[in-house]
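Reviewing the structure listed below.
2 protein chains.
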Amino acid sequence: MAFDMLSNLSFPALKIREREFGKPARNEGRAATKTRILAATEKLFIVHGFDATSLRAITTEAGVNLAAVNYHFGSKEELFALVLTNRLDTLNLERVRLLDALEENGFDAVNTVEQLIATMFLPALRLARNVERGGDDFLKFLGRAYADSSPFVRNLLAERYAAQNARFVHAFAKALPELAAQDLSMRLHFMLDAISSTLASEDARKLMAGLAATATGDSAANEDAAVLGHLAPFLAGSLRARVNQTSQQEAIRTVLAFA
Amino acid sequence: MAFDMLSNLSFPALKIREREFGKPARNEGRAATKTRILAATEKLFIVHGFDATSLRAITTEAGVNLAAVNYHFGSKEELFALVLTNRLDTLNLERVRLLDALEENGFDAVNTVEQLIATMFLPALRLARNVERGGDDFLKFLGRAYADSSPFVRNLLAERYAAQNARFVHAFAKALPELAAQDLSMRLHFMLDAISSTLASEDARKLMAGLAATATGDSAANEDAAVLGHLAPFLAGSLRARVNQTSQQEAIRTVLAFA
DNA sequence: TACAAAATCGAACAATTGTTTGAATCGTTC
DNA sequence: GAACGATTCAAACAATTGTTCGATTTTGTA
């Protein structure tokens, strides 16, 4: 299966890891073939997704022979599984860690939803600031991964992170007891789809950079607070909106009358 | 270009059109090859999208020779352009027509946003009820089209419907003057991405059917009102949410403290 | 330095893609 | 019924895909 080699590599710190574990560590000259393939794969995946990224494009970008991919990683799917999980495992781990911490210390009574949203997105913002982990590209990568249409990527994410996702769904349900399960499911669905496709698009990320620039003072924490200050109320507003208010119903019926 | 033959066909009423215009009208026996190809294309596009739908899959589904596509439509792209625009032209026309009617008669003062949202989605709901136009499949089709990742589809939609989209952006901006252009752009972006990918997914549409079932009385108009009664307040809530409330900011900073 | 394992390389593989070709068939018109 | 254009068909085309093979080179170790 594709998961056989998932645990023995950490990218992009691959070369260091090999040295740590006293692995063969041959081929120390310049960047090792494996590392360069992984970097090229990530770069091209961000732009084109899984299906549209060919092994020839990857090996050309990496300056490496075509056969190297199958030699080092077994198959295209195993290569991409490695690239995806190395990014997303750390992200989801950090998310759940934050959720644990907040559940232990108790949520803010009136702003639980905002806090849950912050919990989901803060880890991504922080990783996006870590240059070693790809900097800005991390958000693009995240968007691509969750928006990718290939069955392989969708199944990988759904199966591997099902437990973590369920934790958050459960937490939101507890924070919004007045919302029918039906409506909550729809709204969370909306919210996550929106985030993914937005992160993947270029202009939306520039917009987020603009939000970060409105921070008072320019510490990293202030920037995160600024972005979440725009994002969380917006999303929380959608989750909390009341359904079927009579004045709204009347307004909608006016539109129906014209159609 | 792909648009050469866009104007001379109307699907699915193709056979009738040919007769109307006194076209050759040969090959009247059974369903004409063209019509069957168009139907098969639409069916497979809904499930697999543009890239993953091969001409061989289409011609097999249609029970037609492989070469028929290039003979009747010129190329794969021209075929899909025809399928896409025949659906979306009518939709966008109806949307703008509704918008015109409401702008002329004046919006509800306090619920303009809800009305604008209803204006955007009501035409889709109505077309989805028209069995001749594909019934339920129309919503799947719509979701696929706007979520498709292929450059061809994205460019087609962006270029062809740029003017209509701008009309709605402008209307929302007028209805939400207190919202910075930056925030409005982000929120509309979110909203539309969310709608598309939600329509494309199977479970979300079952959910909408569930909402429709909550209607009092079961006329078509009541069902539309029920769906919009859940959808519009939810989306309006997200568009209207206030940014940077101090209590929310405090709650978010609590989360930052744990990270 | 010599040996063996690891890694790289060019080349070819089989499968799939959209498209084109030229002959065979069908339907209409004279 | 002959002739002509429109349509259908099987077959092949060229390009691209992921993968595999065998020979060659590189590398660490004895």
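Which chain is which? The protein sequence lines are E and U, in order.
All residue numbers for the first sequence refer to the numbering used here, where the first residue is 339 and numbers rise by one.
All residue numbers for the second sequence refer to the numbering used here, where the first residue is 339 and numbers rise by one.
By construction, the Cβ of each residue, glycine as well, lies at the ideal position given by its N, Cα and C atoms.
Small disclaimer: the values here were computed from a predicted structure and weren't measured.
Beta-carbon spacing of residue i, residue j below 8 Å
{"i": "residue 494 of chain E", "j": "residue 510 of chain E", "result": "no"}
{"i": "residue 579 of chain U", "j": "residue 571 of chain E", "result": "yes"}
{"i": "residue 594 of chain U", "j": "residue 562 of chain E", "result": "yes"}
{"i": "residue 596 of chain E", "j": "residue 426 of chain U", "result": "no"}
{"i": "residue 451 of chain E", "j": "residue 574 of chain E", "result": "yes"}
{"i": "residue 413 of chain U", "j": "residue 481 of chain U", "result": "no"}
{"i": "residue 433 of chain E", "j": "residue 520 of chain E", "result": "no"}
{"i": "residue 467 of chain U", "j": "residue 558 of chain U", "result": "yes"}
{"i": "residue 411 of chain E", "j": "residue 486 of chain E", "result": "no"}
{"i": "residue 417 of chain E", "j": "residue 373 of chain E", "result": "no"}
{"i": "residue 397 of chain U", "j": "residue 406 of chain U", "result": "yes"}
{"i": "residue 528 of chain E", "j": "residue 384 of chain E", "result": "no"}
{"i": "residue 483 of chain U", "j": "residue 422 of chain U", "result": "yes"}
{"i": "residue 530 of chain U", "j": "residue 456 of chain U", "result": "no"}
{"i": "residue 584 of chain U", "j": "residue 446 of chain E", "result": "no"}
{"i": "residue 453 of chain U", "j": "residue 589 of chain E", "result": "yes"}
{"i": "residue 404 of chain E", "j": "residue 420 of chain E", "result": "no"}
{"i": "residue 424 of chain U", "j": "residue 499 of chain U", "result": "no"}
Interface partners of residue i on chain E, CB under 7 Å
{"i": "residue 449 of chain U", "result": "585, 586 and 589"}
{"i": "residue 580 of chain U", "result": "571"}
{"i": "residue 548 of chain U", "result": "520"}
Contacts of residue i in chain U (Cβ-Cβ under 8 Å)
{"i": "residue 457 of chain E", "result": "593"}
Interface residues of chain U facing residue i [CB-CB closer than 9 Å]
{"i": "residue 464 of chain E", "result": "597"}
{"i": "residue 480 of chain E", "result": "The premise fails here: residue 480 of chain E is roughly 14 Å from chain U at the closest Cβ pair, so nothing lies under 9 Å."}
Nearest-angstrom Cβ-Cβ length linking residue i and residue j, presumed shorter than 8 Å
{"i": "residue 400 of chain E", "j": "residue 375 of chain E", "result": "5 Å"}
{"i": "residue 537 of chain U", "j": "residue 568 of chain U", "result": "Not really, about 15 Å apart at Cβ, beyond 8 Å."}
{"i": "residue 545 of chain E", "j": "residue 523 of chain U", "result": "7 Å"}
{"i": "residue 471 of chain E", "j": "residue 463 of chain E", "result": "Not really, about 12 Å apart at Cβ, beyond 8 Å."}
{"i": "residue 490 of chain U", "j": "residue 415 of chain U", "result": "6 Å"}
9 Å Cβ cut-off: residues of chain E touching residue i
{"i": "residue 453 of chain U", "result": "589, 590, 592 and 593"}
Residues that residue i contacts on chain U, provided the C-beta gap is smaller than 7 Å
{"i": "residue 474 of chain E", "result": "Chain U residues near residue 474 of chain E: none, gap ~17 Å exceeds 7 Å."}
{"i": "residue 545 of chain E", "result": "520, 523 and 524"}
Neighbouring residues, chain E, relative to residue i (Cβ below 8 Å)
{"i": "residue 576 of chain U", "result": "572, 573, 575, 576 and 579"}
{"i": "residue 536 of chain U", "result": "524, 527, 528 and 531"}
{"i": "residue 460 of chain U", "result": "593, 594 and 597"}
Fill in: Short-range partners of chain U found in the region 557–571 of chain E, where Cβ spacing is below 9 Å
Per Cβ criterion, the list reads 559, 562, 563, 564, 566, 567, 568, 569, 570 and 571.
Fill in: Members of the region 364–393 of chain E near chain U, C-beta cut-off 8 Å
Under the 8 Å Cβ criterion, the region 364–393 of chain E contributes 387, 389 and 390.
Item to complete: Would you list, in chain order, the members of the region 516–532 of chain U that have their beta-carbon closer than 8 Å to a beta-carbon of chain E?
Response: Here the close residues are 520, 521, 523, 524, 525, 527, 528, 529, 531 and 532.
Discussion item. By the 7 Å beta-carbon criterion, what residues does the region 422–440 of chain E contribute toward chain U?
Written reply: Correct list: 436, 439 and 440.
Discussion item. Counting only Cβ-Cβ distances shorter than 7 Å, please list the residues of the region 483–496 of chain U near chain E, keeping chain order.
Written reply: Those residues of the region 483–496 of chain U that come within reach of chain E (Cβ to Cβ, closer than 7 Å) are 487.
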